[in-house]
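Okay, structure first, notes after.
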Amino acid sequence: MGVDFRDKQLIENPPGHYTNALSKMHTNFQFMRITPAVSYKINEMISVGGALHIAWGSLDVGAEMCQFEDTDGDMMPSPTRCWNAGGGQSQDFGIGVSLGIAFNMGDFIYAGLMYQSPVSMKYKNVFDSNGDGKFEDMKLQQPQEVGLGIGVKPLENLKLGLDIRWIDWSGADGYGDFDWEDQWVFGLGVEYKPMDSLALRAGWNYGKTPIRDKDNLDPMTPKNSVPSFDTRFSDFQLYWFNLVGFPAFAEHHLTLGLNWKITPNFNIDLSYVYALPKTVTAKAAQGAGEVSTKMVQHSIGVGLNWAF
Numbered sequence: 175m176g177v178d179f180r181d182k183q184l185i186e187n188p189p190g191h192y193t194n195a196l197s198k199m200h201t202n203f204q205f206m207r208i209t210p211a212v213s214y215k216i217n218e219m220i221s222v223g224g225a226l227h228i229a230w231g232s233l234d235v236g237a238e239m240c241q242f243e244d245t246d247g248d249m250m251p252s253p254t255r256c257w258n259a260g261g262g263q264s265q266d267f268g269i270g271v272s273l274g275i276a277f278n279m280g281d282f283i284y285a286g287l288m289y290q291s292p293v294s295m296k297y298k299n300v301f302d303s304n305g306d307g308k309f310e311d312m313k314l315q316q317p318q319e320v321g322l323g324i325g326v327k328p329l330e331n332l333k334l335g336l337d338i339r340w341i342d343w344s345g346a347d348g349y350g351d352f353d354w355e356d357q358w359v360f361g362l363g364v365e366y367k368p369m370d371s372l373a374l375r376a377g378w379n380y381g382k383t384p385i386r387d388k389d390n391l392d393p394m395t396p397k398n399s400v401p402s403f404d405t406r407f408s409d410f411q412l413y414w415f416n417l418v419g420f421p422a423f424a425e426h427h428l429t430l431g432l433n434w435k436i437t438p439n440f441n442i443d444l445s446y447v448y449a450l451p452k453t454v455t456a457k458a459a460q461g462a463g464e465v466s467t468k469m470v471q472h473s474i475g476v477g478l479n480w481a482f
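For the sequence shown, my numbering gives the first residue as 175, with consecutive numbering after it.
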């Protein structure tokens with residue numbers, strides 16, 4: 175995920191006061207896990223399992239950062255010095271684990287519990303927060319999660335599912351420092367098989383955004399630290415960075431999908447995900463600044479599966 179605003183320029187708003195608009199912000203974050211797993215069936219009702227998470231991450235954060243000062247005392251800061259803060263792409267590896275237990279209650283009701291540990295990453299030399307020409311590291315930890323799932327099979331060709339997850343954004347390095355709040359994520363899904371070779375799927379997912387609307391934010395006092403940046407940020411600067419650089423605040427998702435079994439050994443998965451529009455706004459005190467970001471997403475997935 176990421177953004178690219180490098181074609182945006184300085185704007186004058188209000189007259190006589192220049193704002194660096196979107197700071198030519200460009201970000202690119204990638205994260206991948208390889209999860210070798212093992213499971214053990216204790217009896218016909220209970221199974222347990224665990225997985226090792228071998229993770230790879232890549233982060234690129236670039237921006238034209240500026241030093242702002244209120245030179246005329248009217249609470250309207252303007253940039254006095256700007257510099258290119260991007261250090262380029264950085265990569266790291268991390269390790270985590272997940273544990274789970276599953277219950278089969280008579281081939282009609284199924285349930286499961288899972289825990290997923292945090293995965294710590296440090297991306298080196300990614301950002302120059304203070305304009306001294308030295309690029310600082312950034313810690314960004316994928317948060318721990320706890321999940322509960324319940325499935326019901328009322329008919330041989332019909333499945334219904336409910337998932338609930340808690341995501342510990344506030345306790346994760348990086349995300350917590352950017353004031354992300356924890357999420358409770360709820361998902362509902364249904365699968366219907368009109369024939370043995372075709373499964374039709376639909377679902378809905380909701381999680382309140384970890385980045386919330388904020389008013390009356392302090393635009394000047396540098397009191398927030400981000401590991402391992404040298405510069406501290408004001409409340410408004412922190413939320414500006416959230417909304418411009420990492421606008422990950424979709425709440426409602428609708429999904430459609432199907433699985434088509436073409437041969438006994440080969441099948442295809444197709445999926446479509448629509449994240450409904452969501453807007454988050456952060457306002458500085460005394461009208462010193464405002465940033466508002468709207469997000470909507472469309473994604474398509476294709477999977478080819480071979481059985482040997």
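Note that beta-carbon positions come from the ideal geometry of N, C-alpha and C, so glycine has one too. Keep in mind it's a predicted model, so treat the numbers as computed, not measured.
Status (buried if at least 16 other CB within 10 Å, exposed otherwise) for residue i
i	result
Ser-272	buried
Val-465	buried
Asn-217	exposed
Thr-201	buried
Ser-408	buried
Leu-233	buried
Pro-393	buried
Tyr-214	exposed
Check whether residue i and residue j have beta carbons under 8 Å apart
i	j	result
Ile-275	Ile-324	no
Ser-473	Trp-434	no
Thr-383	Val-418	no
Gly-268	Gly-231	yes
Trp-354	Gly-381	no
Backbone secondary structure at residue i - three-state DSSP
i	result
Gln-411	helix
Asn-398	strand
Gln-204	strand
Ala-346	coil
Leu-196	coil
Gly-419	helix
Gly-463	coil
Lys-382	coil
Pro-393	coil
Phe-242	strand
Asn-479	strand
Gly-280	coil
Pro-328	strand
Arg-180	coil
Whole-angstrom distance between residue j and residue i, CA atom to CA atom
i	j	result
Gly-307	Leu-432	52 Å
Thr-429	Leu-362	10 Å
Phe-410	Tyr-349	16 Å
Asp-443	Pro-210	22 Å
Pro-451	Ser-197	24 Å
Asn-304	Trp-480	52 Å
Asn-299	Leu-391	29 Å
Cys-240	Trp-257	6 Å
Tyr-289	Glu-365	25 Å
Gly-176	Phe-203	6 Å
Lys-388	Arg-207	34 Å
Phe-205	Asp-248	44 Å
Whole-angstrom C-beta distance between residue j and residue i, which should lie under 8 Å
i	j	result
Gln-471	Ala-424	6 Å
Ser-291	Gln-318	6 Å
Lys-367	Asn-331	4 Å
Pro-401	Lys-313	4 Å
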